[in-house]
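Report on the structure given below.
In my numbering, the protein residues as written are 157 to 409.
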């Protein structure tokens, strides 16, 4: 993959595999049991069910925001406090940002037809076998939400907060460790695979995997998260805009 193994293995990663395992253990714990435990604690503390008071969408969005925020803070703690590294070690840098942004968005437009084709083929295959695909949770929540404030909150999280947190975790934190262990190409492949898996949806797995390959490649080529974050934000924003358009039309294709 354009010489990634030859240019990437020599890049030293200040944190190690154990650091990443701890963060991902916390991340998956929050995704799995964290919400249940927190809701039980809130019920006991306040004496009422927050779902009944604030609604399912508001609670789910709050838990997602909390999970992403705490995981990102954990990453920053390990890198900046425990390892004494600047934020630039995670790719949080504006070095050559205009060049990286332009290059990243251009490459995204080149790869986008492949992502769309993968989605079309998956939809075609599921229809041929008589399977009705389950859409992502954020899709269902956006289609169900009626209040303008709720819709804005879902879009803000899906289009901006989520992409930034995911790029810091997957490309900025995980990929450098894997790169040092097995080289750039394998690091991108494994990171992209895990990135697609945590979306917990077989229907969009291939599209997310291809997007992950692009994001990982951009990070390897630029050494910053400017291009990956920008492309991720653009991709999610376009997807959410399409969903809003379908919502106005009254149907989900």
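Cβ coordinates follow ideal geometry from the N, Cα and C atoms, glycine included.
DSSP places residue 380 outside both helix and strand once states are collapsed to three, so it counts as coil.
Contact check for residue 347 and residue 327: beta-carbon distance about 7 Å, within the 8 Å limit, so the pair qualifies. Just so you know, the alpha carbons of residue 340 and residue 249 end up roughly 20 Å apart. In the DSSP annotation of this structure, the continuous segment of the alpha helix (DSSP H) that includes residue 178 starts and ends at 173 to 185.
Contact between the stretch 307 to 327 and the stretch 207 to 219 is present: three or more C-beta pairs spanning the two stretches fall below 8 Å.
Going by beta carbons, residue 364 and residue 383 fall outside the 7 Å limit.
Just measuring C-alpha positions, the residue of 294, 189, 320 sitting nearest residue 229 is 320. Taking 7 Å as the cut-off, the beta carbon of residue 307 is found no closer than this to the beta carbon of residue 300. Close CB contacts of residue 221 within its chain, under the 8 Å cut and outside five residues either way in sequence, are with 313, 317 (chain order). Counting of Cβ neighbours within 10 angstroms places residue 297 among the buried residues, the total reaching 16 or more.
Excluding five sequence positions before and after residue 267, the CB atoms of its chain that fall closer than 6 Å to its own CB belong to 370, given in chain order. The beta-carbon distance between residue 275 and residue 381, rounded to whole angstroms, is 25 Å. This is too long to meet the 8 Å contact definition. Your pair residue 263 and residue 374 checks out as a contact, with CB atoms roughly 7 Å apart and the cut at 8 Å. Counting along the chain, residue 332 sits inside the alpha helix (DSSP H) bounded by residues 331 to 338. Between residue 194 and residue 184, the alpha-carbon positions lie close to 15 Å from each other.
With distances taken between CA atoms, residue 343 lies nearest to 372 out of 322, 261, 372. Note that the C-beta distance between residue 366 and residue 270 is below 7 Å.
Residue 273 is classed as exposed because its beta carbon has fewer than 16 other beta carbons within 10 Å across all chains shown. Separation of the CB atoms of residue 170 and residue 241 is rounded to 5 Å, and the pair is thereby assigned contact status at 8 Å.
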